[in-house]
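Below you'll find the structure, written out as structure tokens, and then a few comments.
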């Protein structure tokens with residue numbers, strides 16, 4: 001791995017001078033998650049010669065972390081800054097300070113280096129695409145996870161009874177087991193039965209053909225959707241396909257038409273769930289970013305993935321979410337390490353000046369700013385790599401600033417450092433996920449005709465992202481670009497947090513010690529469902545989803561277009577093919593692990609020893 005120090009004399013030069021060759025099978029520009037997935041797969045599985053470059057001096061790009069500010073020209077946030085390429089390339093459109101506390105009054109001054117603040121925080125689910133790739137690629141050697149402890153949906157108090165103030169929020173826990181459903185006093189007996197019937201059907205779809213058995217269906221501690229003796233599967237099996245069909249299926253019933261939203265589907269017959277329960281399922285289980293998000297497509301896929309993930313690692317961890325320790329930026333770096341260990345050359349601080357497709361010579365030339373010309377057969381371009389001249393590429397292959405400027409939507413994010421948990425003092429509720437639907441926010445400062453949901457994830461010191469007795473809260477929500485950034489989260493900050501110290505008086509609200517908000521382009525407009533060429537792909541930045549699922553799906557689809565013939569999988573959907581084949585089970589590799597010596601003795605080798613022997 002090449003990572004030369006910048007001594008200030010040659011700012012843009014020139015790791016490329018030390019490369020052993022100028023020609024590569026694959027050149028990857030950027031170290032975001034999608035780019036690092038492609039690089040590691042091509043190097044480890046495809047046995048390609050891979051060059052991984054990044055214009056920044058650290059990994060991750062829009063999937064990385066904020067860095068400590070080094071000068072006034074890049075100090076966008078108090079004490080922290082974003083990568084310069086993110087601002088120059090339009091990946092960050094606008095910033096706004098939530099609060100500013102003088103350094104001599106703030107514990108952050110002495111503890112800043114102990115924080116890991118993600119640019120776009122995300123978490124994974126126990127059985128999602130990312131977890132599959134982490135396990136199969138052996139990236140788990142470089143990662144650690146903690147489970148989410150609880151999920152909540154916010155309910156507004158329009159009657160003004162909560163703390164005597166109208167419009168404040170109440171955090172309603174989302175049940176994670178049958179016992180929690182039936183103990184929930186908010187649910188009527190009819191609604192409990194309807195919710196269990198719906199989740200049971202989702203479970204049957206999710207686990208069909210997997211061979212997974214959750215044991216006794218009447219076990220109160222079984223994960224949500226475990227089969228119960230009061231439900232009959234055969235009578236309902238006909239309808240499962242219509243509830244979770246793809247858009248191309250024309251046999252669906254009117255109740256599950258492709259124009260029905262997930263929330264409307266939950267509230268209508270035969271489910272008949274209340275608005276609060278529907279919000280919990282739609283936004284804390286299916287992670288729908290809007291009240292109007294359609295039932296089919298991502299919403300139903302995430303619901304199925306969530307059900308499969310619940311209790312996957314035993315009854316002691318019923319929650320589905322997994323939080324990467326030290327921040328979600330560690331995930332992209334882990335796959336960069338997989339690529340490097342597999343033979344890829346990695347160089348940071350390597351800006352690119354020009355990329356030219358040579359159709360007559362069947363290769364692509366990459367010109368570094370130091371003047372070095374590199375060639376490749378396949379090129380992957382990530383976000384935040386600065387201004388690069390593109391020659392020989394069609395307009396629909398690249399994401400131009402004009403295309404981003406024409407988008408009417410954007411992604412709004414806020415990062416807060418607080419002194420206590422926003423959902424109470426219970427230590428089992430420090431790593432939490434919260435969905436704040438529009439119905440809970442009557443005090444919004446803008447008109448929200450799109451009914452977008454605000455997602456909040458709170459981390460404590462056990463996540464290794466902040467010191468003890470502090471918390472990091474990540475907020476994320478879509479909006480129209482015409483909405484002022486400072487208005488997007490204003491009512492949430494006023495109702496949940498306190499921005500100033502109360503002159504020695506105790507306040508029940510957590511105090512914001514430091515915070516900022518910023519706006520990034522809506523990359524959903526940039527996502528290409530089917531990549532158009534077999535030698536070049538362009539990835540957008542981080543999306544508004546709270547999990548990595550869509551990013552991994554894009555990486556799989558791009559990998560199939562680039563190396564589809566190598567994978568020999570033209571008959572399958574590319575985004576369903578893992579980037580790394582599943583490792584053989586121990587029983588399957590037992591015969592291979594027994595090597596016979598010249599005396600006829602057998603030698604048992606562990607996995608690492610066998611891998612070394614095979615390589616030799």
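Numbering (full-length UniProt numbering), first residue to last: 1 to 616.
Where a beta carbon is used, it is the ideal one built from N, C-alpha and C, also for glycine.
Outcome for residue i when other beta-carbon atoms lying within 10 angstroms are tallied against a minimum of 16
i           : result
residue 358 : exposed
residue 248 : Since pLDDT at residue 248 reaches only 44, below the 50 mark, its modelled position is unreliable, and the value read off the structure follows with that caveat. Exposed.
residue 140 : exposed
residue 259 : exposed
residue 60  : buried
residue 17  : exposed
residue 413 : buried
residue 394 : exposed
residue 113 : exposed
residue 316 : exposed
residue 538 : buried
residue 30  : buried
residue 457 : buried
residue 365 : buried
residue 40  : buried
residue 183 : exposed
residue 470 : buried
Close beta carbons around residue i, own chain, < 6 Å, minus the five adjacent residues each side
i           : result
residue 302 : 286 and 287
residue 328 : 118, 121 and 122
residue 20  : none
residue 392 : 356 and 357
residue 55  : 85, 351, 385 and 386
residue 115 : 466
residue 57  : 348 and 349
Nonlocal neighbours in the same chain, by C-beta distance under 7 Å from residue i, ignoring five residues either side
i           : result
residue 440 : 154, 155, 156 and 169
residue 127 : 305, 308, 309 and 312
residue 337 : 142
residue 38  : 28, 380, 555, 558 and 559
residue 124 : 130, 131, 322, 547 and 548
residue 145 : 322, 323, 324 and 325
residue 282 : 262, 263, 266 and 288
residue 451 : 290, 291, 292 and 438
Spatial neighbours of residue i in its chain, beta-carbon cut-off 8 Å, leaving aside the 5 residues before and after
i           : result
residue 498 : 507, 509, 510, 511 and 512
residue 22  : 372, 373, 374 and 375
residue 149 : 319, 428, 429, 430, 431 and 432
residue 330 : 142, 143 and 324
residue 478 : 289, 290, 409, 410, 411, 412, 450, 452, 522 and 544
Sheet register partners of residue i (DSSP bridge)
i           : result
residue 51  : 27 and 345
residue 97  : 516
residue 170 : 155
residue 118 : 65
residue 136 : In the DSSP output, where bridge partners are listed per residue, residue 136 has none listed.
residue 410 : 479 and 521
residue 363 : 358
residue 376 : 24 and 364
residue 321 : 125
residue 474 : 415 and 457
residue 536 : 379
residue 208 : Answer is none; residue 208 lacks a bridge partner.
residue 201 : In DSSP, residue 201 forms no bridge with anything.
Supposed contact pair residue j and residue i - C-beta distance, whole angstroms, cut 8 Å
i           : j           : result
residue 278 : residue 263 : 5 Å
residue 49  : residue 332 : So it is not a contact: roughly 21 Å between Cβ atoms.
residue 453 : residue 437 : 5 Å
residue 346 : residue 66  : With a Cβ gap of about 22 Å, residue 346 and residue 66 do not count as contacting.
residue 521 : residue 93  : 6 Å
residue 516 : residue 98  : 6 Å
residue 563 : residue 46  : 6 Å
residue 343 : residue 43  : 5 Å
is_contact[residue i, chain C] using C-beta, thresh 7 Å
i           : result
residue 206 : Chain labels in this structure do not include chain C; a single protein chain is all it has.
Report yes or no: do three or more beta-carbon pairs, one from the segment 193–207 and one from the segment 269–285, lie closer than 8 Å? The segment 193–207 is in contact with the segment 269–285.
Evaluate the contact criterion for the segment 382–402 versus the segment 418–426: three or more CB pairs, one atom per stretch, below 8 Å. no
Taking contact to mean at least 3 C-beta pairs separated by less than 8 Å, is the segment 483–493 in contact with the segment 460–469? no
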